[in-house]
Amino acid sequence: MEISSFKAVSDTVKSSAAAEDTGWIVHHILDSKQILGLFSLPEIHLFGIDLTITNHVFFMWLASILMIFGFTRLVKNYKTSLVPKGFSNFLEVIIVFVKDEIARPTIGKGYERFLPYLLTVFFFILTCNFLGLVPFGSTATSNISVTATLATISFVVIQAGGMMKNGVVGYFKGLIPHGVPTWLLPIMFVVEILGLFTKPFALAIRLFANMTAGHIVILALIGLIFILKTIFVAPVSVSFAIFIYLLEILVALIQAYIFTMLSSLFIGMAVHQDH
Amino acid sequence: MLAFAKLALLAFISGGEQQGGLLDVNPGLMIWTIVTFVALLLILTKLAWKPILSSLSERENFIRESLEKAEVAQKEAQKMISDNQASLAKAEEEAQKIIEQARDYAENLKSQIVNESKEEAKKMIEKASDEIERKNQEAFSELREQVADIAVQAAEKIILENLDKEKQRKIVDKFINELSKN
Numbered sequence: 000m001e002i003s004s005f006k007a008v009s010d011t012v013k014s015s016a017a018a019e020d021t022g023w024i025v026h027h028i029l030d031s032k033q034i035l036g037l038f039s040l041p042e043i044h045l046f047g048i049d050l051t052i053t054n055h056v057f058f059m060w061l062a063s064i065l066m067i068f069g070f071t072r073l074v075k076n077y078k079t080s081l082v083p084k085g086f087s088n089f090l091e092v093i094i095v096f097v098k099d100e101i102a103r104p105t106i107g108k109g110y111e112r113f114l115p116y117l118l119t120v121f122f123f124i125l126t127c128n129f130l131g132l133v134p135f136g137s138t139a140t141s142n143i144s145v146t147a148t149l150a151t152i153s154f155v156v157i158q159a160g161g162m163m164k165n166g167v168v169g170y171f172k173g174l175i176p177h178g179v180p181t182w183l184l185p186i187m188f189v190v191e192i193l194g195l196f197t198k199p200f201a202l203a204i205r206l207f208a209n210m211t212a213g214h215i216v217i218l219a220l221i222g223l224i225f226i227l228k229t230i231f232v233a234p235v236s237v238s239f240a241i242f243i244y245l246l247e248i249l250v251a252l253i254q255a256y257i258f259t260m261l262s263s264l265f266i267g268m269a270v271h272q273d274h
Numbered sequence: 000m001l002a003f004a005k006l007a008l009l010a011f012i013s014g015g016e017q018q019g020g021l022l023d024v025n026p027g028l029m030i031w032t033i034v035t036f037v038a039l040l041l042i043l044t045k046l047a048w049k050p051i052l053s054s055l056s057e058r059e060n061f062i063r064e065s066l067e068k069a070e071v072a073q074k075e076a077q078k079m080i081s082d083n084q085a086s087l088a089k090a091e092e093e094a095q096k097i098i099e100q101a102r103d104y105a106e107n108l109k110s111q112i113v114n115e116s117k118e119e120a121k122k123m124i125e126k127a128s129d130e131i132e133r134k135n136q137e138a139f140s141e142l143r144e145q146v147a148d149i150a151v152q153a154a155e156k157i158i159l160e161n162l163d164k165e166k167q168r169k170i171v172d173k174f175i176n177e178l179s180k181n
């Protein structure tokens, strides 16, 4: 009797906790029409698509405004002196890093053409990632729609870059490696075409999963206090949450780097197909 | 472990179904993302990337040129130093040569002067001795004349008392002539 009642209680607690838990966490990660959780903008519907400005759109715009502000300051700084100071200097270090450590080695000759795209994508992802770590902030890059769109743009840039360099026909011919037996060509062609799509797909999933995972872990750790309804778990929860938060700073940097690095690498592979 | 992960993922996906799942794709958001990103790309390319990248390459060129210039200047300076050293050495050599020449000249001049003065002195001595000889001769002949006169006078005085003047004179002249012949 006692055992069965205990079991029943624990089951209900578990199920309710599970239901509440996931709903609560996902609610905090998902996009919402409430901007900053404070107000909502009028809904816009065009051609059957919901074009309402959501929280994530708001944060993307915030990131864009911050970037435009920061980089125009750097340009202004350059006009007075070729040696930047302070925050501008920090921005310049990252720009030079993207230019000399990401674009130049992976793309090689003619890398300057892709530099604006790579710099924009790097700083956009970085800023969005960091905005998610600010209190009351929201991570636009932890939304699969955003990452999928960024990956799609990356895909377009990769293909356009390859086709502009090698010609449309030459590009598709160059997809198949040299020395493949004739009877394998149809299969290889299909595999390579599939490969073109899996690359950006992986980019999208990687960025989305990495940016989501950290938030889920932090929310779960903090949620532990309320689910277990005890204050004694708080020190453990909070210290772990801080650790994950610090880890997330690292992840925010790494994911921006990886997305840019892989995009650059794929551009390089599309432009210089012979190796 | 894997089953747990799958279960967790399923829970997240299905758990959010009331509000839209974690993997739900929102076309409106995608359109906004494209619009935002492309606008940002265009704006930043125009406002930021082009001026920044041109400034960077300008600075790179400036640094490279400065280094090259510095290298050229250093080489020039090195060359100038070696040139200077060479000309200095040459000047020193020249000076040494001039001093040597001057010393030789002085030496020659000195010996010449010494020789000349020696010769001069010799000549003067010779001349002086000649003069002395001549004076001696003169004095001697004068003396002889005087001696003769005195002798004559003396003889006259003597002979005046013994002979007449004519005879005496003849005798004395004869005597003197004999004397001078000797």
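In order, the protein sequences belong to chains F and C. Here numbering that gives the first Met the number 0 is used: the first residue of the first sequence is 0, the next is one more, and so on. Here numbering that gives the first Met the number 0 is used: the first residue of the second sequence is 0, the next is one more, and so on. Where a beta carbon is used, it is the ideal one built from N, C-alpha and C, also for glycine. Every value quoted in this text rests on a predicted model; they were computed, and no experiment measured them.
Kindly indicate the opening and closing residues of the alpha helix (DSSP H) around residue 159 (chain F).
Counting from 1 along the first sequence, the entry for residue 159 (chain F) is found at position 160. That run of the alpha helix (DSSP H) goes 143-165.
Can you tell me where the alpha helix (DSSP H) with residue 87 (chain F) in it begins and where it stops?
Residue numbering aside, residue 87 (chain F) sits at position 88 when the first sequence is read from its first letter. Here the alpha helix (DSSP H) through residue 87 (chain F) covers 85-96.
Verify the CB distance criterion: does residue 204 (chain F) have a CB-CB separation below 7 Å to chain B?
Within the model displayed, chain B is absent; protein chains F and C are what it includes.
Using a Cβ cut-off of 8 Å, pull out every chain C residue sitting near residue 214 (chain F), in sequence order please.
For the purposes of this step, residue 214 (chain F) is taken as residue 215 along the first sequence, with counting starting at 1. Those within 8 Å of residue 214 (chain F) in chain C number zero; the least Cβ separation is about 11 Å.
So for residue 53 (chain C), helix, strand or coil by DSSP?
Reading the second sequence from its first residue, position 54 is the one you call residue 53 (chain C). DSSP places residue 53 (chain C) in helix when its eight states are reduced to three.
Residue 160 (chain F): which of F:122, F:235, F:117 sits nearest, CA to CA?
Looking up residue 160 (chain F) in the first sequence gives position 161. Among F:122, F:235, F:117, the Cα nearest to that of residue 160 (chain F) is on F:117.
Within 7 Å of any Cβ in chain F, is that where the Cβ of residue 33 (chain C) sits?
Locating residue 33 (chain C) in the second sequence gives position 34, where the first residue counts as 1. For residue 33 (chain C), the answer is yes, since a Cβ of chain F falls inside 7 Å of its Cβ.
Just checking my contact of residue 126 (chain F) with residue 65 (chain F) at CB under 8 Å: how many whole Å lie between their CB atoms?
As a first step, residue 126 (chain F) must be located in the first sequence, where it is residue number 127. As a first step, residue 65 (chain F) must be located in the first sequence, where it is residue number 66. Their Cβ separation, rounded to whole angstroms, is 6 Å, which keeps residue 126 (chain F) and residue 65 (chain F) in contact under 8 Å.
Can you pull out the residues from the segment 64-91 of chain F whose beta carbon lies closer than 7 Å to at least one beta carbon of chain C?
Residues passing the 7 Å Cβ filter: 66, 67, 70, 71, 73, 74, 77, 81.
Roughly how many angstroms separate the alpha carbons of residue 190 (chain F) and residue 163 (chain F), rounded to a whole number?
One-based indexing of the first sequence puts residue 190 (chain F) at position 191. One-based indexing of the first sequence puts residue 163 (chain F) at position 164. Residue 190 (chain F) and residue 163 (chain F): Cα-Cα distance of roughly 22 Å.
Rounding to the nearest angstrom, what Cα-Cα distance links residue 246 (chain F) and residue 74 (chain C) in this structure?
Mapped onto the first sequence, residue 246 (chain F) falls at position 247. Mapped onto the second sequence, residue 74 (chain C) falls at position 75. Going from the Cα of residue 246 (chain F) to the Cα of residue 74 (chain C) covers about 54 Å.
Check the DSSP bridge columns for residue 33 (chain F) and list the partner residues they point to.
Here residue 33 (chain F) corresponds to residue number 34 of the first sequence, with the count starting at 1. The partner list for residue 33 (chain F) (beta bridge, DSSP) reads F:39.
Residues bridged to residue 49 (chain F) by DSSP?
By 1-based counting over the first sequence, the position of residue 49 (chain F) is 50. Residue 49 (chain F) pairs with F:44.
Nearest CA to the CA of residue 171 (chain C): which residue from C:156, C:180, C:151, C:179?
Stepping through the second sequence from its first residue, residue 171 (chain C) is reached at position 172. Ranking the options by Cα distance to residue 171 (chain C), first place goes to C:151.
For residue 51 (chain F), which residues from the same chain have a beta carbon less than 7 Å from its beta carbon, with the 5 sequence-adjacent residues on both sides left out?
Looking up residue 51 (chain F) in the first sequence gives position 52. Counting only Cβ-Cβ distances below 7 Å, and skipping sequence neighbours, we find 32, 40, 42, 43.
Taking 8 Å as the cut-off, does the segment 135-149 of chain F touch the segment 53-73 of chain F (at least 3 CB pairs, one atom from each stretch)?
Touching, yes, given that three or more Cβ pairs across the two stretches are closer than 8 Å.
How about residue 62 (chain F) and residue 114 (chain F): are their beta carbons less than 7 Å apart?
Along the first sequence, read from residue 1 onward, the residue named residue 62 (chain F) stands at position 63. Along the first sequence, read from residue 1 onward, the residue named residue 114 (chain F) stands at position 115. Not a contact, by the Cβ cut-off of 7 Å.
Hey, is residue 97 (chain F)'s beta-carbon within less than 7 Å of any beta-carbon in chain C?
In the first sequence, the residue the question calls residue 97 (chain F) occupies position 98. With 7 Å as the cut-off, residue 97 (chain F) does not count as an interface residue toward chain C.
Determine the chain F residues that contact residue 57 (chain C) at a beta-carbon separation under 8 Å, and present them in chain order.
Reading the second sequence from its first residue, position 58 is the one you call residue 57 (chain C). Residues of chain F passing the Cβ test: 81.
When you compare only the Cα positions, how much space is there between residue 244 (chain F) and residue 234 (chain F)?
Here residue 244 (chain F) refers to the residue found at position 245 when the first sequence is read from its first residue. Here residue 234 (chain F) refers to the residue found at position 235 when the first sequence is read from its first residue. The straight-line gap from Cα to Cα measures roughly 15 Å.
Just the Cα atoms here: how many angstroms apart are residue 248 (chain F) and residue 178 (chain F)?
As a first step, residue 248 (chain F) must be located in the first sequence, where it is residue number 249. As a first step, residue 178 (chain F) must be located in the first sequence, where it is residue number 179. C-alpha separation (whole angstroms): 46 Å.
For residue 177 (chain F), which three-state DSSP category applies?
Along the first sequence, one-based indexing puts residue 177 (chain F) at 178. Reduced to three states, the DSSP call for residue 177 (chain F) is coil.
Since I believe residue 33 (chain C) is in contact with residue 146 (chain F) (beta carbons under 8 Å), could you give me their beta-carbon distance rounded to a whole number of angstroms?
The count along the first sequence starts at 1 and reaches residue 146 (chain F) at position 147. The count along the second sequence starts at 1 and reaches residue 33 (chain C) at position 34. Contact doesn't hold; Cβ gap of about 13 Å is too wide.
Any heavy atom of the ligand ATP within a distance shorter than 6 Å of the CB on residue 88 (chain C)?
This structure does not include the ligand ATP; it has no bound ligands of any sort.
Any C-beta of chain C within less than 7 Å: which residues of the segment 47-63 of chain F qualify?
From the segment 47-63 of chain F, only 48, 49, 50, 51, 53, 55, 56, 59, 60, 63 have a Cβ closer than 7 Å to chain C.
Flag residue 29 (chain C) as yes if its beta-carbon sits less than 7 Å from any beta-carbon of chain F, otherwise no.
What you label residue 29 (chain C) is simply residue 30 of the second sequence in a count that begins at 1. It does; some Cβ of chain F falls within 7 Å.
Under DSSP, the alpha helix (DSSP H) around residue 115 (chain F) begins and ends at which residues?
As a working mapping, residue 115 (chain F) is identified with position 116 in the first sequence. It spans 114-130 - the alpha helix (DSSP H) in which residue 115 (chain F) sits, taken as one unbroken run.
What's the gap between the Cα of residue 255 (chain F) and the Cα of residue 67 (chain C)?
If you number the first sequence from 1, residue 255 (chain F) lands on position 256. If you number the second sequence from 1, residue 67 (chain C) lands on position 68. The straight-line gap from Cα to Cα measures roughly 38 Å.
Using 7 Å as the limit for Cβ to Cβ distance, is residue 220 (chain F) near chain C?
Along the first sequence, read from residue 1 onward, the residue named residue 220 (chain F) stands at position 221. Output row for residue 220 (chain F): interface = no.
Given that a residue counts as buried once 16 or more other Cβ atoms are within 10 Å of its Cβ, and exposed if not, what is residue 217 (chain F)?
Taking the first residue of the first sequence as 1, we reach residue 217 (chain F) at position 218. By the 10 Å Cβ count, residue 217 (chain F) comes out buried.
Determine, using beta carbons only, whether residue 219 (chain F) and residue 128 (chain F) come nearer to each other than 7 Å.
For this step, residue 219 (chain F) is matched to residue 220 along the first sequence. For this step, residue 128 (chain F) is matched to residue 129 along the first sequence. No, they are not a contact pair.
Please report whether the beta-carbon of residue 16 (chain C) lies at a distance below 7 Å from any beta-carbon of chain F.
Mapped onto the second sequence, residue 16 (chain C) falls at position 17. The predicted model places residue 16 (chain C) with a pLDDT of 42, which falls under 50 and marks its position as unreliable; any figure quoted below should be read in that light. Closer than 7 Å: no.
Using a C-beta to C-beta distance shorter than 9 Å, which residues of chain F count as neighbours of residue 66 (chain C)?
As a first step, residue 66 (chain C) is located in the second sequence; it is residue number 67 there, counting from the start. In chain order: nothing, as chain F lies at least about 15 Å away.
Could you tell me the alpha carbon to alpha carbon distance between residue 54 (chain F) and residue 198 (chain F), rounded to whole angstroms?
Numbered from 1 along the first sequence, position 55 holds the residue referred to as residue 54 (chain F). Numbered from 1 along the first sequence, position 199 holds the residue referred to as residue 198 (chain F). Taking the straight line from one Cα to the other gives about 28 Å.
Quick one: what's got a C-beta closer than 7 Å to residue 175 (chain C)'s C-beta in the same chain, skipping five residues either side?
As a first step, residue 175 (chain C) must be located in the second sequence, where it is residue number 176. Same-chain partners within the cutoff: 147.
Can you tell me whether residue 264 (chain F) is helix, strand or coil according to DSSP?
Position 265 of the first sequence, counted from the first residue, corresponds to residue 264 (chain F). Helix.
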